[in-house]
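Q: This is the structure, below, for whatever I ask next.
In our numbering, the protein residues as written are 535 to 704.
In structure tokens, the structure reads:
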């Protein structure tokens, strides 16, 4: 399943800016991925739960997503196709999904910390967080920190927010 309401943060920063201004969304955990092409994609895992974050023209799409998800929930839970992989799709110029779907280097969660007043970018993701690879030694903490810093810089510069890193494992 591809999340049709994900945001390419550098190309369409106004979409996230509009969401972050809604105080209720300070409690929402956003998913993010840094794709192999260097683009940062941000989205909400179950966007139909937050229709007020989206233009009314998308509400029918959100409802269809919810229906599709509910009909296929057991399958998604079994094969693990929700979450971050829904953000890591690529599309060809003609709009068709490309063979690179799912190609992301790292991903995690982006959330607002009310205590610090800053946004925190973590690598909390079962498939894209690189946590197991750090533990196994197949990637270094420095490599993960470098890529997370790249993603945090893109997000911060695109939408004008302070982003701090929260790196796992701790």
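By construction, the Cβ of each residue, glycine as well, lies at the ideal position given by its N, Cα and C atoms.
Could you check whether the segment 572-579 touches the segment 683-691, counting it as contact only if at least three pairs of C-beta atoms, one from each stretch, sit closer than 8 Å?
A: At 8 Å Cβ cutoff, the stretches touch.
Q: Leaving aside the five residues before and after residue 546 along the sequence, list all residues of the same chain whose C-beta is less than 8 Å from its C-beta, in chain order.
A: For residue 546, where only same-chain residues beyond five positions count, there are no Cβ hits under 8 Å.
Q: By the 10 Å Cβ neighbour count, where 16 or more other Cβ atoms means buried, how is residue 650 classified, buried or exposed?
A: Exposed.
Q: By alpha-carbon positions, which one of 697, 665, 607 ends up nearest to residue 641?
A: Out of 697, 665, 607, 665 has the C-alpha closest to the C-alpha of residue 641.
Q: Exposed or buried, which one is residue 590 when buried takes at least 16 other CB atoms within 10 Å?
A: So residue 590 counts as exposed.
Q: Which term fits residue 703, buried or exposed, when burial requires 16 or more other beta carbons within 10 angstroms of its beta carbon?
A: By the neighbour-count rule (16 or more Cβ atoms within 10 Å), residue 703 is not buried but exposed.
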